[in-house]
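Participant: My questions all concern the structure below.
Protein chains: 2
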Amino acid sequence: MNIILFEKHELTPSPPPLEVILKPRDKRTIHLLKVLRKKRGDLFDAGVLEGNWGTGRIETITPEGELACSLELHQAPLPRSPISLGVGFPRPIQLKRLLRDLATFGVEKVDLMGTDLGEPSYRNTTVLTDGGAREALIQGAIQARDTVIPVVQNYPSLTKWLEERPWSERNPLLIAADNLRPQGTFAQLNPAAQPLLIAIGSERGWSDRERDKLEAAGFCRLSLGTRALRTDTACVAAVVLALEKIGTLGYA
Amino acid sequence: MNIILFEKHELTPSPPPLEVILKPRDKRTIHLLKVLRKKRGDLFDAGVLEGNWGTGRIETITPEGELACSLELHQAPLPRSPISLGVGFPRPIQLKRLLRDLATFGVEKVDLMGTDLGEPSYRNTTVLTDGGAREALIQGAIQARDTVIPVVQNYPSLTKWLEERPWSERNPLLIAADNLRPQGTFAQLNPAAQPLLIAIGSERGWSDRERDKLEAAGFCRLSLGTRALRTDTACVAAVVLALEKIGTLGYA
Chain A
1419 MNIILFEKHE LTPSPPPLEV ILKPRDKRTI HLLKVLRKKR GDLFDAGVLE GNWGTGRIET
1479 ITPEGELACS LELHQAPLPR SPISLGVGFP RPIQLKRLLR DLATFGVEKV DLMGTDLGEP
1539 SYRNTTVLTD GGAREALIQG AIQARDTVIP VVQNYPSLTK WLEERPWSER NPLLIAADNL
1599 RPQGTFAQLN PAAQPLLIAI GSERGWSDRE RDKLEAAGFC RLSLGTRALR TDTACVAAVV
1659 LALEKIGTLG YA
Chain B
1419 MNIILFEKHE LTPSPPPLEV ILKPRDKRTI HLLKVLRKKR GDLFDAGVLE GNWGTGRIET
1479 ITPEGELACS LELHQAPLPR SPISLGVGFP RPIQLKRLLR DLATFGVEKV DLMGTDLGEP
1539 SYRNTTVLTD GGAREALIQG AIQARDTVIP VVQNYPSLTK WLEERPWSER NPLLIAADNL
1599 RPQGTFAQLN PAAQPLLIAI GSERGWSDRE RDKLEAAGFC RLSLGTRALR TDTACVAAVV
1659 LALEKIGTLG YA
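For the protein sequence lines, the chains are A and B, in the order given. Mind the numbering: the first sequence is residues 1419 to 1670 in the numbering used here, read in order. Mind the numbering: the second sequence is residues 1419 to 1670 in the numbering used here, read in order.
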């Protein structure tokens, strides 16, 4: 854990400073005491989900191992990466990893959708409703010391997604990753073109029917290379190439 | 499986065409019959590990489900990506994924090594000796329809690796990924600089002692961005950025 994140409802709101109690069996307690070997009075990096980050301090440790911490959170959240994705619903095992990695890169939004060549049964996973997806997103944010997680939405099909155009207000550059019938390459991305919306198909890519629909909706098909990538790997590759091209990968 | 791969020793060598028997319970048999729904006489993409690729044909299917196939393998292996990596030994669960993804990108070599800030116990995994690593590499190659897998070697420490310089004959450009104390960025990579050798630290990066040793050995420290990535994600990000910069990501 590169930062200890709290949910807003966990915080005792007033008077300042913010306070929070961590139960003995809480993963964060275990990380602070066992992995980081923190003692009473020690500081740690802390943040509140969807809010600020800064410094926490262990004020007391009970004999049972419960922590009382104070929080000074004066840093605004990290800037979001100006990228949203529409992704063909992947295998459940890939889905968590994909969400985790996309949260690490700080993307704004991840729309999951059925595709013609995707496996329909993948959409039966409970990961989106049982808290698994949210946990993966938070893990990814923690990796990047971020406090904000991408918004995840679920669409039955690419067609439905294109009909609803849940991005229309932002007017982003529309890109569909397509190694088989590309019109250009990610290398040609215009640095000024942001925000970006990147559609990534399922493992077996897009059907020609879907290519037509994407083109009619204003999407440009760009290649990620000749080697076929897994959906999760393709998402990381597309995001990192796009961030580099538009100059927002972010350098220390 | 995007291609059915065989080991050399599985092939009946003469006279041409090559022949191969697939047992009923073999994963490849199951993939051909159940997933791809192939019948007698049907063709499939086939290759031999470390060798050519081309077309296989199902000649007979016994009542027990054993396949006899003929192979016409006249295509030379895909070109290798001119990249090798030295990677701080990751968590065992990450190691397989990392090897799989690096095989998909067709890198030449992956040297694993202990690092100052890495967890020493990670090196106790049996994945490198029990066939797990090789299986992950083959899975990665199959994803990219490649027939060649990266060479994987294991070094006790970065120091030992730098002493042995297992790359000296190739004289590559030496890069160490370092988001905390970079001297430049992956965006600045010279397109003519290849082959590349990229060192990627463990989850917690390099120690200053290791930075000094890397610099003395001729490595330039380049940033992958301000967001801290997992080791496996950092490997994918570094490889895809490097391939794009040197123009060998490969476009259809």
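Using N, Cα and C, we set each Cβ at its ideal position, and we do this for glycine too.
State the start and end residues of the unbroken beta strand (DSSP E) segment that holds B:Asp1463.
Facilitator: Taken as a continuous stretch (DSSP letters only), the beta strand (DSSP E) holding B:Asp1463 covers Leu1461 to Val1466.
Participant: Express the C-alpha separation of B:Leu1491 and B:Pro1435 in angstroms, rounding to a whole number.
Facilitator: The alpha-carbon atoms of B:Pro1435 and B:Leu1491 are separated by roughly 9 Å.
Participant: Quick one: Cα of B:Ile1501 to Cα of B:Arg1515, how far?
Facilitator: Cα to Cα, B:Ile1501 sits roughly 18 Å from B:Arg1515.
Participant: Distance, Cα to Cα, A:Leu1667 vs B:Glu1468?
Facilitator: Approximately 37 Å, taken between the alpha carbons.
Participant: Residues of chain B with a CB under 7 Å from the CB of A:Asp1519: which are they?
Facilitator: Neighbours of A:Asp1519 on chain B, chain order: Thr1651.
Participant: Could you name the residues of the same chain whose beta carbon sits closer than 7 Å to that of A:Thr1603, not counting the 5 residues immediately before and after it, in chain order?
Facilitator: Contacts found: Leu1640 and Ser1641.
Participant: Determine which residues share a DSSP beta bridge with A:Tyr1540 and list them.
Facilitator: Note: A:Tyr1540 sits in no beta bridge, so no partner.
Participant: Along chain B, in chain order, which residues have C-beta atoms closer than 7 Å to that of A:Gln1571?
Facilitator: Residues of chain B passing the Cβ test: none, with the nearest at roughly 23 Å.
Participant: Can you list, in chain order, the residues of its chain whose CB lies under 8 Å from that of A:Thr1544, leaving out five sequence neighbours each side?
Facilitator: Hits under 8 Å: Gly1550.
Participant: Grouping DSSP H, G and I as helix and E and B as strand, with all else coil, what is A:Val1570?
Facilitator: The answer is strand: DSSP assigns A:Val1570 an E or B state.
Participant: Report the start-end ranges of each beta strand (DSSP E) in the stretch 1572-1655 of chain B that is 3 residues or longer and not cut off at the edges.
Facilitator: If we require 3 residues or more, the beta strand (DSSP E) runs fully inside the stretch 1572-1655 of chain B come out as 1591-1595, 1614-1618 and 1638-1641.
Participant: Starting from the Cα of B:Ile1479, find the closest Cα among B:Val1466, B:Gly1472 and B:Arg1455 and give me that residue.
Facilitator: That would be B:Arg1455, whose Cα lies nearest to the Cα of B:Ile1479.
Participant: Are the beta-carbon atoms of B:Leu1535 and B:Arg1622 separated by less than 7 Å?
Facilitator: Yes, the Cβ-Cβ distance between B:Leu1535 and B:Arg1622 is below 7 Å.
Participant: In the DSSP assignment, what are the bridge partners of B:Ile1479?
Facilitator: B:Leu1485, per the DSSP bridge assignment.
Participant: Which residues of the stretch 1616-1639 of chain B have a Cβ closer than 8 Å to any Cβ of chain A? Give them in chain order.
Facilitator: Residues passing the 8 Å Cβ filter: none.
Participant: Under 7 Å between the Cβ atoms of A:Asp1463 and A:Ile1421?
Facilitator: Their beta carbons are under 7 Å apart, which means A:Asp1463 touches A:Ile1421 by this criterion.
Participant: Kindly list, in the order they appear in chain A, the residues whose Cβ is closer than 9 Å to that of B:Thr1522.
Facilitator: Per Cβ cutoff of 9 Å: Arg1645, Ala1646, Leu1647, Arg1648 and Thr1651.
Participant: In whole angstroms, what is the alpha-carbon distance linking B:Val1569 and B:Val1528?
Facilitator: Rounded to whole angstroms, B:Val1569 to B:Val1528 spans 6 Å at the Cα level.
Participant: Rounded to the nearest angstrom, how far is the Cβ of A:Pro1442 from that of A:Gly1483, given a contact under 8 Å?
Facilitator: That pair is a contact at about 4 Å.
Participant: Measuring CA to CA, which of A:Thr1565, A:Asp1564 and A:Arg1583 is closest to A:Tyr1573?
Facilitator: Measuring from the Cα of A:Tyr1573, the nearest candidate turns out to be A:Arg1583.
Participant: Are B:Pro1590 and B:Pro1609 close, meaning C-beta to C-beta below 7 Å?
Facilitator: Against a cut-off of 7 Å, the Cβ pair of B:Pro1609 and B:Pro1590 comes out as no contact.
Participant: Along the stretch 1460-1471 of chain B, where does the CB come closer than 9 Å to a CB of chain A? Name the residues.
Facilitator: Against chain A - using a Cβ distance shorter than 9 Å - the stretch 1460-1471 of chain B contributes no residues.
Participant: Tell me whether the beta-carbon of B:Thr1430 lies closer than 7 Å to the beta-carbon of B:Leu1440.
Facilitator: In this structure, B:Leu1440 does not lie closer than 7 Å to B:Thr1430 by Cβ.
Participant: Which same chain residues, not among the five before or five after A:Glu1628, have their C-beta less than 7 Å away from its C-beta?
Facilitator: Closer than 7 Å at Cβ, skipping near neighbours: Thr1533, Asp1534 and Leu1576.
Participant: Quick check: the Cα distance between B:Leu1450 and B:Gly1643, rounded to an integer number of angstroms?
Facilitator: If you take the alpha carbons of B:Leu1450 and B:Gly1643, they lie about 43 Å apart.
Participant: Just how far apart, CA to CA, sit B:Asp1650 and B:Ile1476?
Facilitator: Spanning the two alpha carbons is a distance of roughly 38 Å.
Participant: So B:Ala1551 contacts chain A; which residues on that side make the cut at Cβ distance below 7 Å?
Facilitator: Ordered by position in chain A, no residue passes the 7 Å Cβ test against B:Ala1551, which lies about 18 Å from the chain.
Participant: Would you say B:Val1566 faces chain A, with C-beta separation under 7 Å as the test?
Facilitator: Output row for B:Val1566: interface = no.
Participant: By DSSP's criteria, B:Phe1424 is part of a beta bridge. Which residues make up the other side?
Facilitator: Answer is B:Val1466.
Participant: In the DSSP assignment, find the unbroken beta strand (DSSP E) run with B:Gly1506 in it and report its ends.
Facilitator: Where B:Gly1506 is concerned, the enclosing beta strand (DSSP E) stretches over Ser1499 to Gly1506.
Participant: So which of A:Ser1625, A:Asp1548 and A:Glu1633 has the shortest CA-CA distance to A:Leu1592?
Facilitator: When each option's Cα is compared against that of A:Leu1592, the closest is A:Glu1633.
Participant: If you draw a straight line from the alpha carbon of A:Gly1665 to that of B:Leu1661, how long is it in whole angstroms?
Facilitator: Approximately 17 Å between the Cα atoms of the pair.
Participant: Run down chain A in chain order and give the residues with a C-beta less than 8 Å from the C-beta of B:Glu1526.
Facilitator: Correct list: empty, because the minimum Cβ distance to chain A is about 14 Å.
Participant: To the nearest angstrom, how far is it from the Cα of A:Trp1579 to the Cα of B:Phe1637?
Facilitator: C-alpha separation (whole angstroms): 46 Å.
Participant: Tell me where the alpha helix (DSSP H) around B:Asp1519 begins and ends.
Facilitator: Element bounds for B:Asp1519: Pro1510 to Thr1522.
Participant: Going by beta carbon distance, what residues of the same chain come within less than 6 Å of A:Arg1458, once the five residues before and after it are set aside?
Facilitator: Here the set comprises Ile1476 and Ile1479.
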